[in-house]
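Residue numbers (my numbering): 51 to 254.
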């Protein structure tokens, strides 16, 4: 009997300085199992890479046709090449009970939720604006002008926290990751993800 529930797509966002990259690395070290999706790209295949393993390599016209057909959950352009997450790739893992975690900026996260409204969204925030400023200035790689621009963008993104299902404060990386894992473990038990198990037990 199949006792595996339906999987889920998890969108992880946070303003610059929230520490989402560090938290994401911590999550990868947790006992919670995440599935890896294969992205599509228009860049040339490099030595040692395999199509369908490292990326789905397609030409620009094919990629743009798939954009028009709304086949991507999200996509971006980097160094004149397209990169995107195929919706079918995510759905394949979800149907098998897997958990897909996508780290996406706020605007892109909104697009993902439109494409897959059932996606679970988590927003990581700093404990205070003072701490956010300290983290951003601590990088020491920006001019005062660029810092002010990044800080304003972060404040604008924080104002959209209401669009997310969960808010997690990153004051301690280990604790933040632990709280996210607890959210995911609880979400796995929602009826919408356990319905097939209930059905199988009834029909046994």
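By construction, the Cβ of each residue, glycine as well, lies at the ideal position given by its N, Cα and C atoms.
Local conformation of residue i per DSSP, three classes
i, result
"residue 51", "Residue placement at residue 51 is flagged as unreliable, the pLDDT there being 49, under the threshold of 50; a coordinate-derived value is accordingly withheld."
"residue 134", "strand"
"residue 90", "strand"
"residue 117", "helix"
"residue 172", "strand"
"residue 145", "helix"
"residue 153", "strand"
"residue 85", "strand"
"residue 101", "strand"
Boundaries of the beta strand (DSSP E) in which residue i is found, first to last residue
i, result
"residue 95", "Here residue 95 belongs to no beta strand (DSSP E), and DSSP marks it neither H nor E."
"residue 58", "58-63"
"residue 216", "216-219"
"residue 124", "122-128"
Nearest to residue i (by Cα), restricted to the options the options
i, options, result
"residue 86", "102, 93 and 161", "102"
"residue 213", "149, 117 and 164", "164"
"residue 208", "170, 115, 72 and 68", "68"
"residue 93", "84, 105, 83 and 153", "105"
"residue 151", "133, 129, 123 and 128", "123"
"residue 216", "55, 54 and 64", "64"
"residue 129", "60, 120, 180 and 91", "91"
"residue 204", "183, 188 and 237", "183"
"residue 81", "100, 235 and 185", "235"
"residue 72", "224, 119, 117 and 243", "224"
"residue 66", "253, 119 and 201", "201"
"residue 160", "125, 254 and 241", "125"
Whole-number beta carbon distance between residue j and residue i, since they are thought to touch under 8 Å
i, j, result
"residue 23", "residue 57", "Nothing in the structure corresponds to residue 23, since the chain is present only between 51 and 254."
"residue 156", "residue 210", "6 Å"
"residue 141", "residue 88", "Going by Cβ atoms, the distance from residue 141 to residue 88 rounds to 13 Å, so no, they are not a contact pair."
"residue 121", "residue 137", "6 Å"
"residue 247", "residue 55", "6 Å"
"residue 61", "residue 154", "6 Å"
"residue 127", "residue 172", "That pair is no contact at about 26 Å."
"residue 239", "residue 169", "That belief does not hold up - the Cβ atoms of residue 239 and residue 169 are roughly 17 Å apart, past 8 Å."
"residue 134", "residue 113", "7 Å"
Residue i: first and last residue of the uninterrupted alpha helix (DSSP H) it sits in
i, result
"residue 203", "194-208"
"residue 249", "241-252"
"residue 213", "Taken as a continuous stretch (DSSP letters only), residue 213 belongs to no alpha helix (DSSP H), as it is neither H nor E."
"residue 76", "70-78"
"residue 236", "223-237"
"residue 188", "179-188"
**Q.** Touch test, the stretch 221-241 against the stretch 76-84, Cβ-Cβ under 8 Å, three pairs minimum
**A.** Segments in contact, yes.
Q: Tell me, please, whether the stretch 210-223 touches the stretch 165-184 by the rule of three or more beta-carbon pairs shorter than 8 Å.
A: When C-beta atoms of the stretch 210-223 are compared with those of the stretch 165-184, three or more pairs fall below 8 Å, so the two segments count as touching.
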